[in-house]
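Engineer: Just add 319 to the spot in the sequence shown (first one is 1) and you have the working numbering. Beta carbons: idealized from backbone N, C-alpha and C, even for Gly.
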Amino acid sequence: MLRDLVAAAAHQHGALQAENDKLRLLIQRLLRQQFGRRSEQLSPDQLQLGLEDLEQAVAENEAGQDAADAQAGRRRPAPPRRNHGALPEHLPRYEVLIDVERRDCPCCGGTLHAIGELRTEQLDIVPAQLRVRVTRRPRYACRACESAVVVAPAPERPIDGGMATEALIVHVVVSKFCDSLPLYRQAQMLARQGVTLDRSTLSNWVGRACWWLTPLYDLILGTALSAAKLFADDTTLPVLDPGRGRTKTGRLWCYAVDDRPWCGPSQPVAAYVYSEDQKGTRPAMHLAAFRGVLQVDGYAGFKRLAGDRADGSIRLAFCWAHMRRYFYDFHVSTKSPLAAEVLARIRDLYAIESQIRGHPAEHRRQARQERSRPVVEALHAWLQAHQGRISATSDLAVAIRYALRHWPGLTVFLEDGRVEMDSNVVERAIRPVALNRKNALFAGSDGGARHWAIAMTLIQTAKLNGVEPMTWLTDVLERIVSGRTKATELDSLLPWNWKPSSLATLTAIAA
Numbered sequence: 320m321l322r323d324l325v326a327a328a329a330h331q332h333g334a335l336q337a338e339n340d341k342l343r344l345l346i347q348r349l350l351r352q353q354f355g356r357r358s359e360q361l362s363p364d365q366l367q368l369g370l371e372d373l374e375q376a377v378a379e380n381e382a383g384q385d386a387a388d389a390q391a392g393r394r395r396p397a398p399p400r401r402n403h404g405a406l407p408e409h410l411p412r413y414e415v416l417i418d419v420e421r422r423d424c425p426c427c428g429g430t431l432h433a434i435g436e437l438r439t440e441q442l443d444i445v446p447a448q449l450r451v452r453v454t455r456r457p458r459y460a461c462r463a464c465e466s467a468v469v470v471a472p473a474p475e476r477p478i479d480g481g482m483a484t485e486a487l488i489v490h491v492v493v494s495k496f497c498d499s500l501p502l503y504r505q506a507q508m509l510a511r512q513g514v515t516l517d518r519s520t521l522s523n524w525v526g527r528a529c530w531w532l533t534p535l536y537d538l539i540l541g542t543a544l545s546a547a548k549l550f551a552d553d554t555t556l557p558v559l560d561p562g563r564g565r566t567k568t569g570r571l572w573c574y575a576v577d578d579r580p581w582c583g584p585s586q587p588v589a590a591y592v593y594s595e596d597q598k599g600t601r602p603a604m605h606l607a608a609f610r611g612v613l614q615v616d617g618y619a620g621f622k623r624l625a626g627d628r629a630d631g632s633i634r635l636a637f638c639w640a641h642m643r644r645y646f647y648d649f650h651v652s653t654k655s656p657l658a659a660e661v662l663a664r665i666r667d668l669y670a671i672e673s674q675i676r677g678h679p680a681e682h683r684r685q686a687r688q689e690r691s692r693p694v695v696e697a698l699h700a701w702l703q704a705h706q707g708r709i710s711a712t713s714d715l716a717v718a719i720r721y722a723l724r725h726w727p728g729l730t731v732f733l734e735d736g737r738v739e740m741d742s743n744v745v746e747r748a749i750r751p752v753a754l755n756r757k758n759a760l761f762a763g764s765d766g767g768a769r770h771w772a773i774a775m776t777l778i779q780t781a782k783l784n785g786v787e788p789m790t791w792l793t794d795v796l797e798r799i800v801s802g803r804t805k806a807t808e809l810d811s812l813l814p815w816n817w818k819p820s821s822l823a824t825l826t827a828i829a830a
C-alpha cells in the first residue's frame, strides 16, 4: 500500500509539475505578446529607429561646431564622405544663379570672362498644394444663319458634376489605402488649405473610383489565379454590422505571385478578395479553376481544398516560417536546447536559400538536392527520435507534431525549384492591411470592404512592379473615364505593360 501511495503521489506530483510548467510558459508567452517585440527578428529599419535620436543629437552638435568655426574664422574640416546617391533624372529641375557683383579683375582691373561654372544639385520639395483646373470651351456661332452654335463636347468626368479631378480622387484613394490615412484625417488636411469637405464626400469619391477601376481589378485577379504557382493567406477585416451596433469579422484573402526568386516568366501580383467569413468554401470558390502549387500556412480550408481534388491538380507547399515559429516561441520562453537545435538546422537551410535566390529553377532544385536534402532528412529523423522522449502535453511536443504532420508539404521545395521555403511573399502583402486596419478600425460595410480589396490589389501590385501608384492610377483613371482605353485594351494598363500617356501628364502630376 505504501509503495502504491508513493507511486501515485509521484505521478500526481509529475502531472502538477508539468501543468505548472505549461502555465508558466503560457504566462511568458502572453507577456511577450503584450509587451515584447512582435517580429521574430529585429529588422534593420527597427534598429535604425533606435539610432535616429542619437544621429539627430550628433547633427545638432556638428551644426553648432560649424557655426563656431565660421564665426572664429577657422577653416571648416572636410565633411565626411557619404553616399547620398544620384538624384533621379526624371525629377524636374530649376536653376538658381548666384553670380559675382562685379566683373572687374581684383588684381589688374581688367574685364573678367566666363571660363565655366560650378554646379551643385540639392533635393527640394514643393509642399502639396490644392489648385483649381479651369476647363474652357469656347462657343462659336454663324453670322450668316445665326442658328448654329458649336462647342466642343465636355470631357467625361469620374463623377458627374463633381469638382474633383482624377488626380485628386486617386490621391484620396492612395492616401487611404497606401499611406494609411483615414478619410477623416484627409478631411482635416484639406481644411487647413481652406477646402471644407465632408467625409461622406470623400467616401463617394473612393466608391466611384473603385467602380471605374473594377474591370482592371478583375483582370489583375484573374491574372494571379491563372498562375501555375500561387501564394495564399488571409487576414481579418472588422466590418460594421448595421442594426447590431457592433462589427462583424470579415476576411481579406490575398493571392500573390512572385516568380522573381527563380527568374520565372510571371510578373509579381498581389490580389485581394473580400468575404464575409472564413469558411473553407471561400478559397474553394476563388480557386475553382486553379491548377498548380499552392503555398500556404496550415489553414484547414486549403488542406480540404487540395484533398477534394481527386485529380491532384493542387499540390500544397507548406511554410517553414510558420513551422519555425512554434519552436521559436518555445525557445524564447524556456531557452530549451532542443528547440535551439531545430532553429539552428532551419537557419542552415535559409543560408542555402539566400545563396541560390535569383537563380533559375533547375539550378535551385539541384542545389537543394545536394545541400538542403541532407539537412532536411537529418532534421526529420531528429524530430521523430525526440517525439516520444518529451511530455505529450509540452508545447515542444506540439511543435514537433505540427512539423511532422505537415512534413510532405514542407519538403515540396526540395523537388521544385519554383517553390520557396516559406510564404513570406504573401505575408508581406498582408502586412499593409493590418496597418490600415489599425488606423481605420473597420470597414463601414461589406461594399466598403470590397473597396479595400480593389484598392489594395491595384496599389500593392503597382508597388511590386516598381510603379508609383499615384502616377499610374491617375493616368489609368483618366484613360478609362475618357474612353481612350477600351475594355478590350485593359491589358495595356497593367503595371508591367503601362506606358505613360505623355510626359506632360507626368510633369503636371509632379508639380
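Quick one: what does DSSP say Gln505 is sitting in, helix, strand or coil?
Structural biologist: The residue you call residue 505 lines up with position 186 of the sequence shown. Correct three-state label for Gln505: helix.
Engineer: Are Leu556 and Tyr503 touching if we call contact CB-CB under 9 angstroms?
Structural biologist: Numbered from 1 along the sequence shown, position 237 holds the residue referred to as residue 556. Numbered from 1 along the sequence shown, position 184 holds the residue referred to as residue 503. For Leu556 and Tyr503, no; Cβs fall outside 9 angstroms.
Engineer: Starting from Pro656, trace the alpha helix (DSSP H) in both directions and tell me its first and last residue.
Structural biologist: Position 337 of the sequence shown, counted from the first residue, corresponds to residue 656. First-last of the alpha helix (DSSP H) with Pro656: Pro656 to Ile675.
Engineer: Pick helix, strand or coil for Ala636, following the three-state DSSP scheme.
Structural biologist: Within the sequence shown, numbered from 1, the residue matching residue 636 stands at position 317. Reduced to three states, the DSSP call for Ala636 is strand.
Engineer: Would you decide whether Asp794 is buried or exposed? Buried here means 16 or more other CB atoms lie within 10 Å of its CB.
Structural biologist: Stepping through the sequence shown from its first residue, residue 794 is reached at position 475. When all chains shown are included, Asp794 counts as buried.
Engineer: Run the CB neighbour count on His725, radius 10 Å, all protein chains shown included, and call it buried at 16 or more, exposed below.
Structural biologist: The residue labelled residue 725 in the question sits at position 406 within the sequence shown. Label assigned to His725: buried.
Engineer: Run through the region 739 to 822 for me and flag every whole alpha helix (DSSP H) of 4 or more residues, listed as ranges in chain order.
Structural biologist: You should have 743 to 759, 765 to 783 and 788 to 801.
Engineer: In whole angstroms, what is the alpha-carbon distance linking Leu361 and Ala640?
Structural biologist: On the sequence shown, position 42 is the one that residue 361 refers to. On the sequence shown, position 321 is the one that residue 640 refers to. Because the pLDDT of Leu361 is 45, which lies under 50, any placement of that residue in the model is unreliable, and the number read from its coordinates should be weighed accordingly. Whole-angstrom Cα-Cα distance: 15 angstroms.
Engineer: Would you mind sorting Asn816 into buried or exposed? The rule is 16 or more other CB atoms within 10 Å of its CB.
Structural biologist: For the purposes of this step, residue 816 is taken as the residue at position 497 of the sequence shown. With fewer than 16 Cβ atoms within 10 Å of its Cβ, Asn816 is classed as exposed.
Engineer: Determine the closest residue to His699 out of Arg769, Val415, Ile719 and Gly541, with distance taken between C-alpha atoms.
Structural biologist: One-based indexing of the sequence shown puts residue 699 at position 380. Considering only alpha carbons, the answer is Ile719.
Engineer: Go through the region 505 to 588 residue by residue and report every complete run of the alpha helix (DSSP H) that reaches 4 residues or more, in order.
Structural biologist: You should have 518 to 544.
Engineer: Helix, strand or coil, according to DSSP, for Leu324 in the structure here?
Structural biologist: Residue numbering aside, residue 324 sits at position 5 when the sequence shown is read from its first letter. The answer is helix: DSSP assigns Leu324 an H, G or I state.
Engineer: Taking only three categories from DSSP, how would you classify Gly611?
Structural biologist: By 1-based counting over the sequence shown, the position of residue 611 is 292. Gly611: strand per DSSP, three-state reduction.
Engineer: Buried or exposed for Lys805, please, with buried defined as at least 16 other CB atoms from any protein chain shown within 10 angstroms of its CB.
Structural biologist: In the sequence shown, counting from the first residue as 1, residue 805 sits at position 486. It is exposed - the Cβ of Lys805 has fewer than 16 other Cβ atoms within 10 Å.
Engineer: Along the alpha helix (DSSP H) that carries Ala718, what are the first and last residues, could you check?
Structural biologist: Taking the first residue of the sequence shown as 1, we reach residue 718 at position 399. Per DSSP, Ala718 belongs to the alpha helix (DSSP H) from Asp714 to Arg724.
Engineer: Does the beta-carbon of Ile417 have 16 or more other beta-carbons within 10 angstroms, so that it is buried, or is it exposed?
Structural biologist: For the purposes of this step, residue 417 is taken as the residue at position 98 of the sequence shown. Exposed, because fewer than 16 other Cβ atoms sit within 10 Å of the Cβ of Ile417.
Engineer: Assess contact between the region 783 to 790 and the region 610 to 626, defined as three or more Cβ pairs (one per stretch) separated by less than 8 angstroms. Is contact present?
Structural biologist: Short answer: they don't touch.
Engineer: Which residues does DSSP pair with Ser594 in a beta bridge?
Structural biologist: Translated into positions along the sequence shown, residue 594 becomes position 275. In DSSP, Ser594 forms a bridge with Arg570.
Engineer: If you reduce the DSSP assignment to three classes, tell me which class Arg692 lands in.
Structural biologist: Reading the sequence shown from its first residue, position 373 is the one you call residue 692. Three-state DSSP puts Arg692 in a helix.
Engineer: Among the candidates Met320, Thr439 and Trp581, whose CA atom is the shortest distance from the CA of Arg737?
Structural biologist: Translated into the one-based positions of the sequence shown, residue 737 becomes position 418. Taking only the C-alpha atoms, the option nearest Arg737 is Trp581.
Engineer: Are Pro891 and Ile488 closer than 9 angstroms when you measure CB to CB?
Structural biologist: Nothing can be reported for residue 891, as the shown portion of the chain is limited to 320 through 830.
Engineer: Less than 9 angstroms between the C-beta atoms of Thr780 and Val588, yes or no?
Structural biologist: One-based indexing of the sequence shown puts residue 780 at position 461. One-based indexing of the sequence shown puts residue 588 at position 269. Yes, these two residues count as a Cβ contact at 9 angstroms.
Engineer: Considering only the beta carbon of each residue, do Asp552 and Ser742 sit closer than 9 angstroms?
Structural biologist: Looking up residue 552 in the sequence shown gives position 233. Looking up residue 742 in the sequence shown gives position 423. Contact: yes.
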